[in-house]
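Line by line, the protein sequences give chains F and C.
Taking this note's numbering, the leading residue of the first sequence gets 3, the next gets one more, and so forth.
Taking this note's numbering, the leading residue of the second sequence gets 923, the next gets one more, and so forth.
All C-beta atoms, glycine included, are put in the ideal place defined by N, C-alpha and C.
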Amino acid sequence: KNEVEQSPQNLTAQEGEFITINCSYSVGISALHWLQQHPGGGIVSLFMLSSGKKKHGRLIATINIQEKHSSLHITASHPRDSAVYICAVRGNTDKLIFGTGTRLQVFP
Amino acid sequence: DGGITQSPKYLFRKEGQNVTLSCEQNLNHDAMYWYRQDPGQGLRLIYYSQIVNDFQKGDIAEGYSVSREKKESFPLTVTSAQKNPTAFYLCASRDGQGYGYTFGSGTRLTVV
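#1: Could you say which of C:L943, C:K993, C:G924 lies nearest to K1008 (chain C) if we only look at CA atoms?
#2: For F109 (chain F), does the count of other Cβ atoms within 10 angstroms reach 16, so buried, or fall short, so exposed?
#3: Would DSSP call R935 (chain C) helix, strand or coil?
#4: So is the beta-carbon of G925 (chain C) under 7 Å away from any non-hydrogen atom of the ligand GTP?
#5: Counting Cβ pairs closer than 8 Å, one from the region 935-950 of chain C and one from the region 990-1003 of chain C, do we hit at least three?
#6: Can you name, in chain order, every residue of its own chain whose Cβ lies under 6 Å from the Cβ of N948 (chain C), other than the five neighbours on each side?
#7: Return no unless some Cβ of chain F is closer than 8 Å to the Cβ of G985 (chain C).
#8: Cα-Cα, which of F:E17, F:G18, F:V29 is closest to T95 (chain F)?
#9: Measuring only the C-alpha atoms, how far is E937 (chain C) from C89 (chain F)?
#10: Find out if the Cβ-Cβ distance for the pair G93 (chain F), I45 (chain F) is shorter than 8 Å.
#11: Kindly indicate the opening and closing residues of the beta strand (DSSP E) around S1002 (chain C).
#12: Give me the chain C residues within the contact set of K97 (chain F), using Cβ-Cβ distance strictly less than 9 Å, ordered along the chain.
#13: Alpha carbon to alpha carbon, how far is T64 (chain F) from G101 (chain F)? Give it in angstroms, no decimals.
#14: Measure the C-alpha to C-alpha separation of S52 (chain F) and T1029 (chain C) and round it to an integer number of angstroms.
#15: Enumerate in chain order the residues of its own chain whose CB-to-CB distance from L34 (chain F) is below 6 Å, with the five nearest sequence positions on each side excluded.
#16: Cutting at 7 Å between CB atoms, please list the residues of its own chain near A85 (chain F), excluding the five before and the five after it.
#17: What's the C-alpha gap between I62 (chain F) and Q959 (chain C)?
#18: Which chain C residues sit within Cβ distance under 7 Å of I45 (chain F)?
This is the structure:
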């Protein structure tokens, strides 16, 4: 079993829909990251969380430390949101452990 | 603008040849990392460096080598000993003050 599990693996949506991507982890962490990878391959850091909730534009990330679970929400989804979203956790060492990603496609 | 530059974007190599992937950052970050990405798998750590002239093996270091002679630069050499080198390679750096990471745009290596 992977230490970081994401669901779903693939997600399709119509423009305007509310989207949720989930991340569960089994290790103790100091921080959790949500990353976005576009088709060209480059990765952009969206959020870094250690507790609670963060919001940036139409993106919201939450984390529940007790349940070892985080969610990434996208409100009013748009085709430009189509990408792979990756959850990664930083444990007690200087290493990130990555999930396998959720591929999101938003159709007009 | 500060960031990480990886070059080249695409690289083709003949079997048996060594190849070096470049990673340069102008963020003044102390820590730098190399990851490998394969289809259907999460990124895996190859090597990392927390300070100039020092680096540590990650989870899949066999067949790879690195150097960290300058703070800005962390090149990765894929040697002929790497049995399955075709993959997407990502370089990252981390802010020493916190946990924020910056990633490069990656190099796709294909062995022909």
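In short:
#1: Locating residue 1008 (chain C) in the second sequence gives position 86, counting from the first residue. The identity of residue 1008 (chain C) in the sequence shown is Thr, whereas the question assumes Lys. A check of alpha carbon separations from T1008 (chain C) across C:L943, C:K993, C:G924 identifies C:L943 as the nearest.
#2: As a position in the first sequence, residue 109 (chain F) is number 107, starting the count at 1. Burial call: exposed.
#3: In the second sequence, counting from the first residue as 1, residue 935 (chain C) sits at position 13. R935 (chain C): strand per DSSP, three-state reduction.
#4: Within the structure as shown, the ligand GTP is missing, as the structure has no ligands at all.
#5: Three or more beta-carbon pairs drawn from the region 935-950 of chain C and the region 990-1003 of chain C are found closer than 8 Å, and the two stretches are therefore classed as touching.
#6: Here the question's residue 948 (chain C) lines up with position 26 in the second sequence. So the list reads G924, once near-sequence residues are dropped.
#7: Position 63 of the second sequence, counted from the first residue, corresponds to residue 985 (chain C). Chain F contact via Cβ: absent.
#8: Indexing the first sequence from 1 puts residue 95 (chain F) at position 93. Comparing Cα positions, the closest option is F:V29.
#9: Taking the second sequence and counting its residues from 1, one reaches residue 937 (chain C) at position 15. Taking the first sequence and counting its residues from 1, one reaches residue 89 (chain F) at position 87. Cα to Cα, the separation comes out at about 34 Å.
#10: Within the first sequence, the letter at position 91 stands for residue 93 (chain F). Within the first sequence, the letter at position 43 stands for residue 45 (chain F). Contact: no.
#11: Indexing the second sequence from 1 puts residue 1002 (chain C) at position 80. S1002 (chain C) -> no beta strand (DSSP E), and no H or E assigned at all.
#12: By 1-based counting over the first sequence, the position of residue 97 (chain F) is 95. The answer, in chain order, is Y955, L967, Y970, G980, D981.
#13: Indexing the first sequence from 1 puts residue 101 (chain F) at position 99. Indexing the first sequence from 1 puts residue 64 (chain F) at position 62. Straight-line Cα distance between these residues: approximately 16 Å.
#14: Stepping through the first sequence from its first residue, residue 52 (chain F) is reached at position 50. Stepping through the second sequence from its first residue, residue 1029 (chain C) is reached at position 107. Looking at the two C-alpha atoms, the distance is approximately 31 Å.
#15: Looking up residue 34 (chain F) in the first sequence gives position 32. Excluding residues within five positions, the ones whose Cβ falls inside 6 Å are L51, I65, S72, V91.
#16: On the first sequence, position 83 is the one that residue 85 (chain F) refers to. These residues qualify, in order along the chain: Q38, Q39, H40, L106.
#17: Reading the first sequence from its first residue, position 60 is the one you call residue 62 (chain F). Reading the second sequence from its first residue, position 37 is the one you call residue 959 (chain C). Those two C-alpha atoms are separated by around 26 Å.
#18: In the first sequence, counting from the first residue as 1, residue 45 (chain F) sits at position 43. Going along chain C in sequence order, the residues near I45 (chain F) (Cβ under 7 Å) are L1012, F1025.
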